[in-house]
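A.B. asks: Dropping the structure in here first, questions after.
Protein chains: 2
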Amino acid sequence: MTLTREDAVSLDAGDPLAAFRHRFVRPSEDVIAYLDGNSLGRPLQSIGKVWASFAADQWAGRLIRGWSEGWMELPQVVGDELAAAALGAAAGQTVIADSTTVNFYKAVRAAINLRPGRRKIVIDRDNFPTNRYVVESLAKDLGLEIVWLTGSEDTGITVADVEGVLDDQVAVVTMSHIAYRSGYLADAEAITSAAHRAGALVVWDLCHSVGSCEIELDRWQVDFAVGCTYKFVGAGPGAPAFAYVNTAHLDRLDQPIWGWLGRQDSFEMEQGYVPAAGIRSMISGTPSVLGILAVREGAAVIAEAGIGAIRGKAQALGEMTIALADDWLAPLGFTLGSPRDSARRGGHVSLVRSDARELCAELTQAGVIPDFRTPDAIRIGLSPLPTSFTEVWDGLDLMRELAR
Amino acid sequence: MTLTREDAVSLDAGDPLAAFRHRFVRPSEDVIAYLDGNSLGRPLQSIGKVWASFAADQWAGRLIRGWSEGWMELPQVVGDELAAAALGAAAGQTVIADSTTVNFYKAVRAAINLRPGRRKIVIDRDNFPTNRYVVESLAKDLGLEIVWLTGSEDTGITVADVEGVLDDQVAVVTMSHIAYRSGYLADAEAITSAAHRAGALVVWDLCHSVGSCEIELDRWQVDFAVGCTYKFVGAGPGAPAFAYVNTAHLDRLDQPIWGWLGRQDSFEMEQGYVPAAGIRSMISGTPSVLGILAVREGAAVIAEAGIGAIRGKAQALGEMTIALADDWLAPLGFTLGSPRDSARRGGHVSLVRSDARELCAELTQAGVIPDFRTPDAIRIGLSPLPTSFTEVWDGLDLMRELAR
């Protein structure tokens, strides 16, 4: 029995997170359904105000004094706020700075530095491109071997896949917590444990999971993690990324881009790099204050809603999407490109058909905005806080119209 | 004969750039003189508006579509705008992305990659800390030798100093165009030529010169240059930096942080890194759109004012500062920590006395905001567009009061 639009309206009426939708700026009139919050989240209304008032009051008013009145600590302060809201990490292990790519480069290299003598990095072929490219550049530079894993769309990379390649030469295992294409949610805890049993360290990419599902970095004993803040955290296009380093490694942390803001006593401007104590030394240059302030807004709303409730709604939106896809789209030749088991599926659902590229363009033109991923997937992003069940229903309804 | 306040008022009346002052947000009432635009420039009024309207219209309205409607090209488009306004560089060689530190890391490493077999990097002890630390990290990683130069406060590093250490083992010579402490303006053209004669490449740090004095990267045949945009370009705290790579090197450009946005056909998300054509491959991750839009505002106002006129006013402000320092501050024990020759002096003047740290704190408390630089310098930043002669006069007047 197909879910009706009335069913979707009922789901919205019973949605404990419904009120959060009104915190976001309304999209323009031409948007029927925004189903790409997993690429670029919608803006909270508060963010434009924060930016304008920062320019007028903080920047113009405090000028250089702002740096000694709090801006300098923002990467760590807001890092801790995000860690508490969404990463399951105690304070003092997270900074907001740089891009995901740069943080990933630093984290993987720092992990390699902690495992001298080991010559292999394990990564999967379906990992996000930037991660694969960074690993390739580091492997070339350091003469390391890359061990490539390939998972299936249903199961992604399993613990057994990883265990199958672990040996005493593996320095680092790195994966995406949620696969960018299939939405497969990896068993981060079990893979981390398996890596540790072989003496390797892990670097998790949390881009698609932060703000979308539960993350317990400390409990899982993750070594390093990075991720972006412009998807489910909603900090805006090109917002700074985060980097997490487990307390256990902070004493010996050696990341490769030594910069003044990661040095002990930066403003003494002394000769010779000496890393600052703790997580601070993951920073290199000056991070974007504007960007960090937007991350703060996103972290606050996640904390207020609660990541458990967010995950619950993401799963419900995913179940509805798959039910409608089964009823409406499977008969039109679509297959599911994501795990059917919601416990192993993140905050988006991929629907696969060979003309996905063209169809995605038509949908966007018509006001339903999903995302295309090569070669043949339409990703339906299900961002719990700004998205209603009705919006998803309407989007899929138009999709079946256009896909006929 | 000491310049009177009336003289300063007259200089303002005759200042062809006077109207630009009103483009900036007024500082709060407690600020008598802001003399630190060389650390953090004041905000143009337009920037807060650009940010708020970007959040409300572009981000909220266009959502993910914005990336294919122009955001993706912004790093290069605004790079070209800044290059035309302030760098003396033709289009296609400049991007806005990352921090100065990260860009410097990429540029120095890319330069080293273009000089395989050579084992030395030349840098000066008075270079900005982050540059020194990055060179140390690269030298450690690659087993290179650092050749440290030391200049005097008056003359900085001269061509002869550089020539004295050049040999066929030097891969890269890197310096700041304007020294952060003394304000010494290096002879970038002559040093670049000297390096080239020895077969080495140059990487110039333009943090303190961009938007403050004439730069002719193409004419000087500079290989690589980087710099920040939060000083004289005025793009805000933590605004993204720029990176310039001479066309001559673009075909073989190999920077170390391979990321998806620097790859050919990023969104095909293919296996294996293949650098994008041209300057694009200097990019790694997603740059801050907000930050780039602020750089655009700064570049536009520099283009409108003209870098020649800006440099002229910077020199006039510097001459006035030194004349007043000679009259008022030298008798109180201050010495000039900057070149007296305005042709060799950038956009700030350092005044040296052993209690500079305490005095700078007192000045800031009283509403005159210069910058302290260890161990004993007060930097008087002279940002031509927002700063009046009267403001500088008032600032130095209070300085002589407090320094008695």
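Residue numbers (the working numbering), protein chains in the order written: chain E, 1 to 404; chain X, 1001 to 1404.
Here a beta-carbon is modelled for each residue, glycine too, at the ideal position from N, C-alpha and C.
Do R1181/X and A1377/X come within 8 Å of each other at the CB atom, strictly closer than that value?
C.D. replies: In contact: A1377/X and R1181/X (Cβ atoms closer than 8 Å).
A.B. asks: Can you tell me whether DSSP reads W71/E as helix, strand or coil?
C.D. replies: Here W71/E sits in helix by DSSP.
A.B. asks: When we look at the beta-carbon of P331/E and count the other beta-carbons within 10 Å, is it buried (16 or more) or exposed?
C.D. replies: Per the 10 Å Cβ criterion, exposed.
A.B. asks: According to DSSP, is P1370/X helix, strand or coil?
C.D. replies: Three-state DSSP puts P1370/X in coil, outside helix and strand.
A.B. asks: Would H1348/X and R1311/X be called neighbours here (beta carbons separated by less than 8 Å)?
C.D. replies: Against a cut-off of 8 Å, the Cβ pair of R1311/X and H1348/X comes out as no contact.
A.B. asks: Can at least three beta-carbon pairs, one atom from the segment 1126 to 1137 of chain X and one from the segment 156 to 166 of chain E, be found at a separation below 8 Å?
C.D. replies: No, because fewer than three Cβ pairs between the segment 1126 to 1137 of chain X and the segment 156 to 166 of chain E fall closer than 8 Å, the two stretches do not touch.
A.B. asks: Taking the C-alpha atoms as reference points, what is the distance between I96/E and P287/E?
C.D. replies: C-alpha separation (whole angstroms): 8 Å.
A.B. asks: Please report whether the beta-carbon of S1383/X lies at a distance below 8 Å from any beta-carbon of chain E.
C.D. replies: With 8 Å as the cut-off, S1383/X does not count as an interface residue toward chain E.
A.B. asks: Nearest chain X C-beta to I112/E closer than 8 Å, yes or no?
C.D. replies: It does not; no Cβ of chain X falls within 8 Å.
A.B. asks: Which runs of the beta strand (DSSP E) spanning at least 3 residues fall entirely within the segment 130 to 213 of chain E, listed in chain order?
C.D. replies: Those beta strand (DSSP E) runs which fall completely within the segment 130 to 213 of chain E and span 3+ residues are 145 to 149, 170 to 176 and 201 to 205.
A.B. asks: Which chain A residues sit within Cβ distance under 7 Å of V1202/X?
C.D. replies: This model lacks chain A altogether; the protein chains it does include are E and X.
A.B. asks: Taking a cut of 7 Å between CB atoms, which residues from the segment 1053 to 1065 of chain X lie near chain E?
C.D. replies: For the segment 1053 to 1065 of chain X, which is checked against every Cβ of chain E, the residues closer than 7 Å are A1055, A1056, W1059, A1060, G1061, L1063, I1064 and R1065.
A.B. asks: So, at 6 Å on beta carbons, what are the nonlocal neighbours of G337/E in its own chain, with the 5 sequence-adjacent residues on each side left out?
C.D. replies: Contacts found: E153, S182, S350, V352 and A377.
A.B. asks: Using a C-beta to C-beta distance shorter than 9 Å, which residues of chain E count as neighbours of E1136/X?
C.D. replies: Residues of chain E passing the Cβ test: W258, G272 and Y273.
A.B. asks: I'd like to confirm the pairing. Which residues does DSSP put opposite L351/E in its beta bridges?
C.D. replies: DSSP, once it has assigned bridges, lists L336/E and I378/E as partnering L351/E.
A.B. asks: In chain E, which residues lie less than 8 Å from T1100/X when you measure between Cβ atoms?
C.D. replies: Simply G285 and T286.
A.B. asks: Which residues in chain E sit within 9 Å of P1386/X, going by Cβ to Cβ distance?
C.D. replies: Neighbours of P1386/X on chain E: none; closest Cβ ~10 Å, over 9 Å.
A.B. asks: Could you give the C-beta distance for W994/X and H1177/X, rounded to a whole number, given that I count them as a contact under 8 Å?
C.D. replies: The structure shown has nothing for residue 994/X, since chain X only spans 1001 to 1404.
A.B. asks: Tell me the rounded alpha-carbon separation between I1032/X and D1397/X.
C.D. replies: C-alpha separation (whole angstroms): 11 Å.
A.B. asks: Under a three-way DSSP split, which group does I121/E fall into?
C.D. replies: Here I121/E sits in strand by DSSP.
A.B. asks: On a CA-only basis, which of A343/E, S266/E, P370/E and A361/E is nearest S68/E? Give me that one, please.
C.D. replies: It is S266/E whose Cα lies nearest to the Cα of S68/E.
A.B. asks: For the segment 382 to 390 of chain E and the segment 9 to 26 of chain E, state whether three or more C-beta atom pairs, one from each stretch, are separated by less than 8 Å.
C.D. replies: Verdict: yes, contact present.
A.B. asks: Mind checking V1009/X: buried by the 16 CB within 10 Å criterion, or exposed?
C.D. replies: It counts as exposed.
A.B. asks: Which of helix, strand or coil does DSSP assign to R1042/X?
C.D. replies: Of the three classes helix, strand and coil, the one that applies to R1042/X here is coil, per DSSP.
A.B. asks: Closer than 8 Å between beta carbons: that is the criterion. Which residues of the segment 33 to 50 of chain E meet it against chain X?
C.D. replies: For the segment 33 to 50 of chain E, which is checked against every Cβ of chain X, the residues closer than 8 Å are Y34, D36, S39, L40, R42, P43, I47, G48 and K49.
A.B. asks: Taking only beta carbons into account, state which residues of the segment 120 to 133 of chain E come closer than 8 Å to chain X, listed in chain order.
C.D. replies: Cβ contacts with chain X: R125, F128, P129, T130, R132 and Y133.
A.B. asks: Could you list the residues in the segment 237 to 255 of chain E with a C-beta less than 8 Å from some C-beta on chain X, going in chain order?
C.D. replies: Those would be P237, G238, A239, P240 and A241, in chain order.
A.B. asks: Contact defined as beta carbons within less than 8 Å: I believe R400/E pairs with L329/E. What is the distance between those atoms, to the nearest angstrom?
C.D. replies: Indeed, because the Cβ distance is near 6 Å, the residues count as touching under 8 Å.
A.B. asks: Under the rule that 16 or more other beta-carbon atoms within 10 Å means buried, what is Q1365/X, buried or exposed?
C.D. replies: The residue is exposed, with fewer than 16 neighbouring Cβ atoms inside 10 Å.
A.B. asks: With 16 as the cutoff for other CB atoms within 10 Å, does D80/E come out buried or exposed?
C.D. replies: D80/E is buried by the Cβ-count criterion.
A.B. asks: In three-state terms, what does DSSP make of R1115/X?
C.D. replies: Correct three-state label for R1115/X: coil.
A.B. asks: Would you mind working out which of D57/E, F242/E, H249/E and G48/E sits nearest F1054/X, comparing C-alpha positions?
C.D. replies: Ranking the options by Cα distance to F1054/X, first place goes to G48/E.
A.B. asks: So D1124/X packs on G1151/X, CB below 8 Å; how close in whole Å?
C.D. replies: Right, their Cβ atoms sit about 6 Å apart.
A.B. asks: Cβ closer than 8 Å: which chain E residues qualify as neighbours of R1263/X?
C.D. replies: Here the neighbours are P129 and Y133.
A.B. asks: Of all Cβ atoms in chain X, is any one closer than 8 Å to the Cβ of P116/E?
C.D. replies: Not an interface residue.
A.B. asks: Please report whether the beta-carbon of D1161/X lies at a distance below 8 Å from any beta-carbon of chain E.
C.D. replies: Not closer than 8 Å to any Cβ of chain E, the Cβ of D1161/X fails to qualify, so no.
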